[in-house]
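In what follows, a structure is listed as structure tokens, so that the remarks can point back to it.
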Amino acid sequence: MGAVLVTGISCKKKFLDEQLITTKSLQDLKTAIGLDDLSIGMYQNLKFNFNYEWSYASTNYGVDEFCVGGDRTMQMWNSYDGNLNSLTGDVATIFNAMYANINSANIMIENVPLYYGDNPNKNTRLGEGYFMRGFDYFKLVKQYGGVPLKLSQTTTLLTDFVRATAQETFNQVIQDFTEAYNLLPVTPAETGRVTKYAAAHFLAKTYLTRASELYNDWNAGTRANDLDSAIKYADIVINSGKHALAPNFADLWNFTAPDGANEKLSEIILAAQFSNNTSTQGRYGNQIHLHYPSVYQNLPGMVRDLPGDREFQRLRSTDYAMDVFDRINDSRFWKSFKTRYICNNPTGAPKWDTSNALTPAQVGQFRFTAGQESILYIVNNAGDTRYTAIAPKIPTSIRFRAPHMFVRYFAGQPENMLGGHGNFEVSRYVGLSKFQDGSRNAVASQFGQRDGILARLAETYLIAAEAYGRKGQYAQALPYLNAVRDRAAYKAGEDRSAYVDGGVAYKTNVAATGTLFSYSDKNTYYESNNDLSVTTASTLSAMHLNSVADIFNSSTQFYTKLGVGSDAEKFVAFILNERSRELMGELMRWEDLARTKTLVKRCLTFNDEARPIENKHYLRPLPQSFLDANYKDGRPLTSAEKAAMQNPNW
Amino acid sequence: MRIKSIKSWAVALALLLISPILLPISAQAQEAPGAVTGVVHDANNKPVAGVTVVVRNTKTNYSAGTDTDTSGVFTFSRLPAGGPYSFSISAIGYQAQTLSGYTLKAASSLSIVVELKETSTNLDAVVVVGYGTQKKGTVTSSIVSVSAEEIRSRPVANALQAMQGKAAGVDITSNERPGSVGSIRIRGERSFEGTNGASNEPLYVVDGVPLNFGGVDAVNPNDIETIDILKDASATAIYGSRGANGVVLITTKRGKNGAMSINYVGTLTMEKQYDRMKMMNAGEYVEFRRNAYRRVKFLNAAAPANSTYPDQPTLADDQRILGQDAIAFANIRKGWANGTWQPELVPTTDWTDYALQTGITQDHTISVSGGSQNVKAYGSFGFMNNEGTQKGQDYRRYSGKFSVDLTPAKWFSMGGSVSTTYGLQNYGFATTNATGPGNIYAALQGMLPYAVPYDSTGKRILLPGGDINISNPVDENNYNINLRRTLRVLGSVYAEAKILPGLRYRVNFGPDFQSYYNGRWMDANSINRGGGNPGSTNYAQLNQTSNLSWTLDNLVYYDKTIRGNHTHDFGVTLLQSALYNKSESSSMTATKLPLPNQKWYALNAVSALDGFSTGLSENSLTSYMARVNYAFDQKYLLTAFVRWDGASVLADGNKWDMFPSISLGWRLDKEKFLQNVRWINQLKIRGGIATVGNAAVTPYTTLGAVQGLYYTYGASAQLGYVPSDPTAANPVSYPDQNLGWEHTTQTNIGIDFSFFKGRLSGAIDIYKTKTTDLLLNRQINAVNGYNGILTNIGATSGKGIDFSLTSINVRTRDFSWSSTLNMSANREKIELLSNGKLDDLNNLWFIGQRIKVYYDYEKAGIWQNTKEDLDEMAKYKLNGQTFNAGDIKVVDQNGDHKIDAVNDRVIRGHAQPNLVTGLTNDITYKNWGLSIFIFSRTGFTIATGAESLQGRFAQRELNYWTPTNPTNDYPSPNYNSAAGDIYRNAMNYQDGSFIKIRNITLSYNMRSDAAKKLHMQNLKLYVQALNPGLIYSKVGWIDPDLGGNTFNRGLVVGVNATF
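One line per chain: the protein sequences are A and B, in this order.
Residue numbers for the first sequence follow numbering that gives the first Met the number 0, beginning at 0 and rising by one.
Residue numbers for the second sequence follow numbering that gives the first Met the number 0, beginning at 0 and rising by one.
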């Protein structure tokens, strides 16, 4: 019996052959179908920018717009304290993720000419390869400075890498984006694929970045041309006919359902695509929605719900984030921040007692009940005399108001851009609401389903405007600025107290059971603005810049605080402010402040904790894991060589 | 009650002098007594002195005892007439005998002659060696056996526990979750274990069938007859590639010739969980949080008042930093009841009390055994119900075994066995957050001490204390069900034919099937799902894995003995073997199920699943082996073999390799020059060298599989692939197209000995190991686009010594005391790495160091507000590094006043112990037995102790720095730093050395005549104390044996009866 089995089974060579039938292999990437698959796979890297804590920590912490809220998990990225160093985990996470996708892109760039044949998508695939490589090196150079340029696919493992200079890295980014621009189609085959205009937008942004102050040591020779190129490519996008600003700034954030109208706006040039297809959503989803909200669920009368979102309270808005807006005329503030909540837990609502009831009859009654406003954030200015914390027993004392009141300035408190006024605290602040996600499949779910915008036309306008300004052609910058600012103005007839954020998607979400929700479709516009009389007039004229004097003579742009005097400096300050107003919290700020070398000054002026150091914190440290794995002449680097390769002062 | 004689090889003489004093004169004769004289001699007709003789009248229960003198003579001069008398004769080194049926007439005398036979000592015992058995005396390699008697000496829940401390060189850890087993390491570690690297787990072979997917817990320990552990390569190489980490051979019980017997083993265990870690009470915690806030001002004098805390506490400031939850704050107000702060007035909630219960375990096994020359059979049924010490955790196991051996003709035999176990484990609550607590106890330990779990109406407070990151796990055991069900069927069939004298052919077929099922249900009320808040949804998951494998062995044996002037024993074994293993898995998850009681049983109740997947993995192995055993006069022994293995998981061209082994033995005790050395009973020197391989590689590793992932364009989900995605949970490694075998060559020299008629016996083994072509899952330079590669690189070496000694310290008729000491020391070190003799800092591998070391900054203390320290801090400040009093001071290794990762990290310790010691003391007095097992691991480092000390979360008691408490233990808390001190990890390395009493067992063995009255052949009762406690440990807050802060302690009551 055994002898039969011997010959029957074991002597066949096949018995030891492995057959992989559940997935594809590297060999498949040498076919047209495999390269199509690789193209899909590469897009995953766009989602990386929204996946997890590294997303905001490396881009929106340690800046003027936001500081640390009640959860301090990632505070080292804001304070720049010693916990931010070459061993900090996410320093390597970002670095490694970029190089993994660069390898994919290199395979695409090398294999398409060899194996793709005359497939009509040949240019698109190749263009996608160049775009991704340019996109990833752009991220690397912004975060780390010059990095090793690996431009061919990994077929044998290499150990000896040398850093390219920042200049060489920029050259590569521009070369790749240019190739992508030449190859990519004007219309995407599918929603979310990169186009010629996405390449143009990033090309413009790269040129503008390279012409910024951080690179002044070596960019003199390219600066003028770069600014022209930034304008050229920005104009190509603006005039493409494919992209237009959404009529209302709120349209961008009015997320009613996954892949709803706001995700199809032509203003969006490129967005990382997230979906409600839970079985394919991967490991993270878009988690940015978690990080901005302030805490509401532990206030009496409130309970956490889907539209209110989970409050990871990582990013607390600074006074700058509020004061950079003309909050009477610029609708963007009220369309970016949440200021009002509705009671969704009436049995837990607070009751009046003798210490706070204005009339004896109120004592023992609920202060508010289901559907009534329960939390108000009053975004007022110093000098507002209406509010006091406790006594006297008058209705404006917030103690005697029915809802929980959080007021920025009490009567008599002087202006302070570093907080310490009113009753805002680390967990009670005006939360940025651009990313709220009421579509999630459970209130506890971190898996956000909203697309993550990587490029939209408003930024393209601001790129062109900045390039003109940097050329000293301030007047030419105005039309671009006005395109964005005019859209930001209240339209005639517009209800300024109306409010919408992505929490509203709860209305189409089957997981949102029950009838009581914290979501409010109103804001505190009128009360915050000193009880301004209700108006529906247009604010276009207040927003519109009629001449460059409106920029240079403005008293609301912190020129004095920032110590800027010349027109050129004022212009950069203004454009950075305008970028805040338009792009607040959209994961670009640290890179903007670093490239313009305004990081240190703006942090000291506007962020209560961030203390970046000149000549150090404009770059992240190279990951220690890279330095420790890197070789020279077949041996690991010496300590001195590692120190020399590391960014200065890390 | 009379001690007639006491003999110890060490104190024999002294005690012999006293023993006559103790001779009783107790025979109260009714009539004239008789006398009995006897002489005891051995097989060579030489008299044997010091033999204990007990005479007993079974009718009257009269008994007396005496010893033989130097002439081998014993005398009972005044025995009462009557009978029947029986004489029990026992002596160390000889088989005990009982002569019965003597009747003594009044005033008469009787003479008895007794011939004693030497007992078969450990060298004559049969051990399992892989593809056969051998007498221990002829074994030439290092094998430890755990006998049936040892296994049954105390109750255990699984086979691993049965081995704990019984075998030198075998280090077994414990796992206290019901249904989970610990880990085992034989002679330390030699492979770099990683997610994809070679494993350090040994191979388990049950009745000749290798287990292809772990799971020694699938065998009911009561069905185990013996366990033999092959330690050195010259033994394990018989399993070729699979023997690299040692082999555990488990022989289960089978039917024996003789009448049918029924055996029942039952135990009842009561356990409770204890905690070495003490959490801060409410008053201490309040002060701790205040100090964390005070630190903000200490570091930044300009900090706004609402971000810090004043030196003198105030109610208003407490309200600000602790007042988020009004109910919890009411407790803190109690501390202010008299106007000033009185921390002792603040109640502390005993949170963990909500998790604990007394765990009660019952374990019953009933077995039947018996047979004739032609048919032997064994059957057993076992049931175990193990209730955990934490709510929601339990384990039930049903096991059945049936074996039959048929011998229809002298030349042919056939048989088989089937073991089935069915385990149901309720895993209990675990958070879904990857970094969250893994059980309800740990979750509750994270609650703030001043907060309370329920409000006045009895409703659960979701956020006790008001922090949104501290959710209340009370009652989570009711909202989470995690059922893990394992069905394992292990078969073994053989047929053997004697073809010619000495020539046998045997075929073994071992099918092994396992079905694993994991159903997880989380109710919408679970804090994992939103705690019942609006938008909370329930969740159900069903994961199933089925493994099927089989092993087929064709074996030819030829044994020949040539007698003449000398005896030549030959044995030849030829093997051809094939193994196939297939694993299939599936997984489904869904949320928003309409009915809570549907759990995971009706996933079709939702319109679309949230996730689904299936998977397949296959691997195979083919082997050939030839072995020769030769013995010259049973004195000079040789075992040599060679095995060829082919593994599917390795790269084409590298699948096959050869593993040779040779070992020699010399029975010194058989030599003439030692024949007359009477204190030497057994003495054997043996030595061997062999190479084993390791191919514990995940299938398809070398094929360059790409990573599948989805992207949704708009709403269109499409499957794409990338070479590797480092943000995935398990990123694909770079495929090594040349991946081949890892080789370990081991040289072993050992001595087996038995002295003083077996009073002192044991073994010493010294070994050296060299492992090359290490299967290494190595972190690589990320610029390549991959995070790692599994490859053959580098070399390690190891050396060690295993020592086991059993000493019968005292042995008398009624009292005996024996000790068994097992010690093993093992040091491995890295010899070569990917680039020769150069350290690989990225993987924390260092030439000349142990495999797993800790590499970090070295803590020197805490910076203090002294002039000396302030001057030092100023020097760092010049280099851009700011330190403050209360921060951790680390050693500036290169003295440049700059702490940096490049120059100032050093090796802080290693994870594997230098020395593992097990000491068992067995004491018997008459029918009573007491056994104490002490276990120790010394010379290793445990990574524990780093604390972030933010002041936000619950905290264990520790001595932290404040301006008024300038300690060097722990730094100042700081509310502004969630991550804690920059160098907090420097606090993380503790000396893990410990000595622990693992158990104490007291047993009562009923005398067979008494048992017979109860219609039993045998009855044993025992009580065991589990984990009485640590005798020595340097770390105060964890149990270094278990690695965590909690441990179970309990009592087992057991019965073992044979009918």
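For every residue, glycine included, the Cβ atom is placed at its ideal position computed from N, Cα and C.
Computed from a predicted model, the values in this text were never measured in an experiment.
Terminal residues of the beta strand (DSSP E) in which A:V90 lies
Per DSSP, A:V90 belongs to no beta strand (DSSP E); it is in the alpha helix (DSSP H), G88 to Y114.
Measure the CB-CB distance between B:G387 and B:G358 and report whether it falls below 7 Å.
yes
What number of angstroms, rounded off, separates the C-alpha of B:T137 from the C-alpha of B:V555?
20 Å
Does A:S396 get closer than 7 Å to chain B when you measure Cβ to Cβ?
no
Please confirm whether B:T456 has its beta-carbon closer than 7 Å to some beta-carbon of chain A.
no
Write down the C-beta distance between A:M542 and A:D494 rounded to the nearest angstrom, noting that I regard them as a contact closer than 8 Å.
Going by Cβ atoms, the distance from A:M542 to A:D494 rounds to 18 Å, so no, they are not a contact pair.
Do three or more CB pairs link the segment 701-721 of chain B to the segment 761-775 of chain B at distances below 8 Å?
no
Relative to the C-alpha of B:A630, which candidate in B:D651, B:D656, B:F569 and B:Y854 has its C-alpha closest?
B:F569
8 Å contact criterion, which B:N1004 and B:G1053 should meet: CB distance rounded
Actually they do not touch by this definition, with Cβ atoms about 12 Å apart.
So A:L19 contacts chain B; which residues on that side make the cut at Cβ distance below 7 Å?
Y699, L702 and A704
Whose C-alpha, out of B:Q989, B:F75, B:L103 and B:A577, is nearest the C-alpha of B:L551?
B:A577
B:S260 to B:R528 span [Cα, whole Å]
55 Å
Give a yes or no on whether the minimum CB-CB distance between A:Y79 and chain B is below 7 Å.
no
Under 8 Å Cβ-Cβ, which residues of chain A neighbour B:S619?
F14 and L15
What would DSSP say about A:W333, mapped onto helix, strand or coil?
helix
Rounded to whole angstroms, what's the CA-CA distance from B:V627 to B:I150? Just pull it up for me.
32 Å
Collapsed DSSP secondary structure at B:D222 in the structure displayed
helix
Other residues of its chain near A:E640: CB distance less than 7 Å, five sequence neighbours each side excluded:
K631
Quick check on the DSSP output: the alpha helix (DSSP H) that includes A:H290 runs from which residue to which?
I287 to H290
List the residues of chain B whose Cβ lies closer than 8 Å to the Cβ of A:F47, in chain order.
T726
Report yes or no: do three or more beta-carbon pairs, one from the segment 465-481 of chain A and one from the segment 223-237 of chain A, lie closer than 8 Å?
yes
Is it true that the CB of B:A243 sits closer than 7 Å to the CB of B:T743?
yes
Alpha helix (DSSP H) containing B:T795: first to last residue?
Premise fails: B:T795 lies in the beta strand (DSSP E), A794 to T811, not in any alpha helix (DSSP H).
Is any beta-carbon of chain B found at less than 7 Å from that of A:I93?
no
Is B:Y130 near the ligand ZN - that is, is its Cβ less than 6 Å away from at least one heavy atom of it?
Because no ligand of any kind appears in the structure shown, any question about the ligand ZN cannot be addressed here.
Let me know the secondary structure DSSP gives A:K433 once reduced to three states.
coil
Got a sec: is the Cβ-Cβ distance from A:T6 to anything in chain B below 7 Å?
Since pLDDT at A:T6 reaches only 42, below the 50 mark, its modelled position is unreliable, and the value read off the structure follows with that caveat. Output row for A:T6: interface = no.
Chain A within 7 Å of B:I807, Cβ atoms only
no
Looking at the unbroken alpha helix (DSSP H) that takes in A:A474, where does it start and where does it end?
Y473 to A487
May I ask you to report which of helix, strand or coil DSSP gives B:A167?
coil
Taking Cβ-Cβ distances below 9 Å as the criterion, which residues of the segment 217-250 of chain B are in contact with chain A?
none
Leaving aside the five residues before and after A:V140 along the sequence, list all residues of the same chain whose C-beta is less than 7 Å from its C-beta, in chain order.
V146, A165, T168, F169 and V172
If I follow the unbroken alpha helix (DSSP H) through A:D216, where does it start and stop?
Note, A:D216: premise wrong, no alpha helix (DSSP H); not H, not E.
How big is the Cα-Cα spacing for B:G322 and A:E465?
48 Å
Hey, could you find the ends of the alpha helix (DSSP H) B:T235 is sitting in?
A232 to T235
Could you list which residues in chain A have their beta carbon closer than 9 Å to that of B:P722, in chain order?
L25, L28, L37, G40, A99, N102, S103, I106, Q152 and T153
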